[in-house]
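Colleague: Chains as they are written, first to last, in our numbering: chain G, 1 to 201; chain F, 1 to 201.
Dropping the structure in here first, questions after.
Protein chains: 2
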Amino acid sequence: MAKTPDASRRSDRSRRAILDAALELVGEVGYNKLTIEAIAARAGVGKQTIYRWWPSKAAVLLDASLALAGDAGTEGGWEGFPDTGDLAADLKYVLRATVDEMNDGKYDAPARALTAAGATDPALGAQFNEKLLEPQLALYEERLRTARDAGQIAEDTDLRLAVELLLGPLTHRWLLRTAPLTHAFTDAIVDRVLGGIARVS
Amino acid sequence: MAKTPDASRRSDRSRRAILDAALELVGEVGYNKLTIEAIAARAGVGKQTIYRWWPSKAAVLLDASLALAGDAGTEGGWEGFPDTGDLAADLKYVLRATVDEMNDGKYDAPARALTAAGATDPALGAQFNEKLLEPQLALYEERLRTARDAGQIAEDTDLRLAVELLLGPLTHRWLLRTAPLTHAFTDAIVDRVLGGIARVS
Chain G
1 MAKTPDASRR SDRSRRAILD AALELVGEVG YNKLTIEAIA ARAGVGKQTI YRWWPSKAAV
61 LLDASLALAG DAGTEGGWEG FPDTGDLAAD LKYVLRATVD EMNDGKYDAP ARALTAAGAT
121 DPALGAQFNE KLLEPQLALY EERLRTARDA GQIAEDTDLR LAVELLLGPL THRWLLRTAP
181 LTHAFTDAIV DRVLGGIARV S
Chain F
1 MAKTPDASRR SDRSRRAILD AALELVGEVG YNKLTIEAIA ARAGVGKQTI YRWWPSKAAV
61 LLDASLALAG DAGTEGGWEG FPDTGDLAAD LKYVLRATVD EMNDGKYDAP ARALTAAGAT
121 DPALGAQFNE KLLEPQLALY EERLRTARDA GQIAEDTDLR LAVELLLGPL THRWLLRTAP
181 LTHAFTDAIV DRVLGGIARV S
């Protein structure tokens, strides 16, 4: 029997409640202590409802993180990476938006818990890299490729390295909490990665 | 009564056994599951011996990490940051040594477990930053200051940002395991941070 529209709406609501509960809880208790039972209780659904859709808590969190990243894109008002022709401006725009997310507990808490869990659990880390991180890095690479093709950055630029130069300092300061995450910081990263620090003689 | 030389030697041996056990165990089970009882059992000492010297497992691990960093310096054959006058060569030397440590389980496992724990436990993270990370970052800053004073890098270089540009990409690749950690990678970081990626017209 086909689902009625009402049943389908109820499913969507349950699904979203589960994903929201998973994100809240992983931020509160960390990945290791998170259980399917707790997610079900917080979402107000039965455990079996979760197991019908996902095989494990890692799978729930992966979908929850994808949904969260989608929300961030929508709230930030951009789909994909901006390309105004001005590479520095486009990179600054995206890195400022990234910093704003890192400074927002709604994004920070689950992202931090999952990054920490992935760092010490290689299988989990590989899953999150494949589904979440690599697609993001690819957007940066694509924008840098366009800039390279347009002769705006050196022909021999290793695009992956360039992405790591942009995101590495930000990730370092975010995870290790060594200093405040500001737009001035991300702007300076972009300027220095493009221009280098060596004195031009 | 003053300690006899024998008692003092026994103390040193116990102390070292405790630090070694703490490092091994945190790499094996992670920070959250580590207990003073388990460290005592692995080290072959009583729990009270540990509590006589350290108030908490965080304090044991902090001293253990400092001892490990000291060993690394000794094995690497350098005390402090090299200054040959050639900034790029000196940075490459130190970053290559850092990558070698990251690729060595003896250093990687405890450092990874503690970094992950500190990322989600602000008080623990702050303690490790103050005692372990900041003194390391200060060595890089000092070397870059000398280079700036010698006119080798731009006068307006933000030294802390420069350190983050050097170490951020390395930390990103290490923690997230996105790609192999090689000397070619760290050499390329140094070249690009010094020279930038923008095409010089």
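Where is the CB? At the ideal position from N, CA and C, for every residue including glycine.
According to DSSP, is serine 201/G helix, strand or coil?
Modeller: Residue confidence is low: serine 201/G scores 49 on pLDDT, short of 50, so the model does not pin down where it sits. Its coordinate-derived value is still stated next. It is coil, neither helix nor strand.
Colleague: Compare the C-beta of threonine 207/F against all C-beta atoms of chain G and say whether one is closer than 7 Å.
Modeller: For residue 207/F there is no data in the structure shown, the boundaries of chain F being 1 and 201.
Colleague: Can you tell me where the alpha helix (DSSP H) with glycine 151/G in it begins and where it stops?
Modeller: That residue, glycine 151/G, is in no alpha helix (DSSP H); it is neither H nor E in DSSP.
Colleague: Tell me the residue span of the alpha helix (DSSP H) that contains tyrosine 51/F.
Modeller: Unbroken alpha helix (DSSP H) run through tyrosine 51/F: 47–53.
Colleague: Under 6 Å: does the beta carbon of proline 5/F sit that close to some heavy atom of the ligand FMN?
Modeller: This structure lacks the ligand FMN, and indeed carries no ligand of any kind.
Colleague: Report, in whole angstroms, the separation of the C-beta atoms of arginine 42/F and alanine 21/F, which I expect to be a contact under 8 Å.
Modeller: So it is a contact: roughly 4 Å between Cβ atoms.
Colleague: Count the other CB atoms, across all protein chains shown, that sit within 10 Å of the CB of serine 201/G; report buried if there are 16 or more and exposed otherwise.
Modeller: Here the model assigns serine 201/G a pLDDT of 49, short of 50, so the residue's position is not dependable, and the following value carries that caveat. Burial call: exposed.
Colleague: Between the C-alpha atoms of serine 65/G and lysine 57/G, what's the straight-line distance to the nearest angstrom?
Modeller: Going by the C-alpha atoms only, they are around 12 Å apart.
Colleague: Suppose you measure from the CA of valine 99/F to the CA of glycine 168/F; what does that come to, to the nearest Å?
Modeller: Their backbone Cα atoms lie some 13 Å apart in a straight line.
Colleague: Output yes if chain F places a C-beta closer than 7 Å to the C-beta of glutamate 164/G; else output no.
Modeller: True, the Cβ-Cβ gap to chain F drops below 7 Å.
Colleague: Answer with buried or exposed for valine 60/G, where buried requires no fewer than 16 other C-beta atoms within 10 angstroms of its C-beta.
Modeller: Looking at its Cβ environment, which holds 16 or more other Cβ atoms inside 10 Å, valine 60/G is buried.
Colleague: Does glycine 44/F have its Cβ less than 7 Å from a Cβ in chain G?
Modeller: No, glycine 44/F does not count as interfacial toward chain G.
Colleague: Where does glycine 81/G sit, in a helix, a strand or coil, going by DSSP?
Modeller: The sequence given here has phenylalanine at residue 81/G, not glycine. Residue state, collapsed to three classes: coil.
Colleague: Identify, in the order they occur along the chain, each residue of the same chain with its Cβ nearer than 6 Å to the Cβ of leucine 144/G, setting aside the five sequence neighbours on each side.
Modeller: Cβ within range, chain order: Leu159 and Ala162.
Colleague: My output table needs one value for alanine 179/F: the three-state DSSP class, helix, strand or coil.
Modeller: Coil.
Colleague: Does leucine 132/G have its Cβ less than 7 Å from a Cβ in chain F?
Modeller: No, leucine 132/G does not count as interfacial toward chain F.
Colleague: The alpha helix (DSSP H) spanning threonine 115/G covers which residue range?
Modeller: Run containing threonine 115/G: 105–120, per the alpha helix (DSSP H) assignment.
Colleague: When the Cα atoms are used, what is the spatial distance from alanine 137/G to glutamate 130/G?
Modeller: The question names alanine, yet the displayed sequence has leucine at residue 137/G. Going by the C-alpha atoms only, they are around 10 Å apart.
Colleague: Quick one: which chain F residues come within Cβ less than 8 Å of glycine 30/G?
Modeller: Residues of chain F passing the Cβ test: Asn32 and Thr120.
Colleague: So, using beta-carbon positions, are isoleucine 197/G and isoleucine 197/F closer together than 7 Å?
Modeller: No, they are not a contact pair.
Colleague: Short of 8 Å in beta carbon distance, which residues of its chain neighbour leucine 166/G, apart from the five on each side in sequence? Order them along the chain.
Modeller: Only Leu91, Leu95, Tyr140, Ile189, Val190 and Val193 meet the Cβ criterion.
Colleague: Between threonine 35/G and chain F, is there a C-beta pair that is closer than 7 Å?
Modeller: For threonine 35/G, the answer is no, since every Cβ of chain F falls outside 7 Å of its Cβ.
Colleague: Closest to leucine 124/G by C-alpha separation, out of Thr178/F, Leu25/F and Pro82/F, would be which residue?
Modeller: Of the candidates Thr178/F, Leu25/F and Pro82/F, the one whose C-alpha sits nearest the C-alpha of leucine 124/G is Thr178/F.
Colleague: Which residues of the segment 167–185 of chain G have a Cβ closer than 8 Å to any Cβ of chain F? Give them in chain order.
Modeller: Hits within the stretch, in order: Leu167, Gly168, Pro169, Leu170, Thr171, His172, Arg173, Leu175, Leu176, Arg177, Thr178, Ala179 and Phe185.
Colleague: How is the alpha helix (DSSP H) around serine 11/G delimited, first residue to last?
Modeller: Taken as a continuous stretch (DSSP letters only), the alpha helix (DSSP H) holding serine 11/G covers 5–29.
Colleague: Does any residue of chain F have a CB that is nearer than 7 Å to the CB of glycine 70/G?
Modeller: Glycine 70/G does not count as touching chain F.
Colleague: Name, going along the chain, the residues of the segment 84–113 of chain F whose beta-carbon falls closer than 8 Å to a beta-carbon of chain G.
Modeller: Answer set for the segment 84–113 of chain F: Arg112 and Ala113.
Colleague: Assign alanine 116/G to buried or exposed, taking buried as 16 or more other Cβ atoms, counted over all protein chains shown, within 10 Å of its Cβ.
Modeller: When all chains shown are included, alanine 116/G counts as buried.
Colleague: State buried or exposed for proline 135/G, treating a residue as buried only when at least 16 other CB atoms are found within 10 Å of its CB.
Modeller: That one is exposed.
Colleague: Applying a beta-carbon distance threshold of less than 7 Å, which residues of chain G neighbour leucine 25/F?
Modeller: Ordered by position in chain G, no residue passes the 7 Å Cβ test against leucine 25/F, which lies about 13 Å from the chain.
Colleague: Would threonine 120/F and alanine 113/G be called neighbours here (beta carbons separated by less than 7 Å)?
Modeller: Taking 7 Å as the Cβ cut-off, threonine 120/F and alanine 113/G qualify as a contacting pair.
Colleague: Between alanine 138/F and chain A, is any beta-carbon pair separated by less than 7 Å?
Modeller: Within the model displayed, chain A is absent; protein chains G and F are what it includes.
Colleague: Measuring alpha carbon to alpha carbon, tell me which of Asp108/G, Leu87/G, Ala109/G and Ala97/G ends up nearest glycine 151/G.
Modeller: The candidate whose alpha carbon is nearest that of glycine 151/G is Leu87/G.
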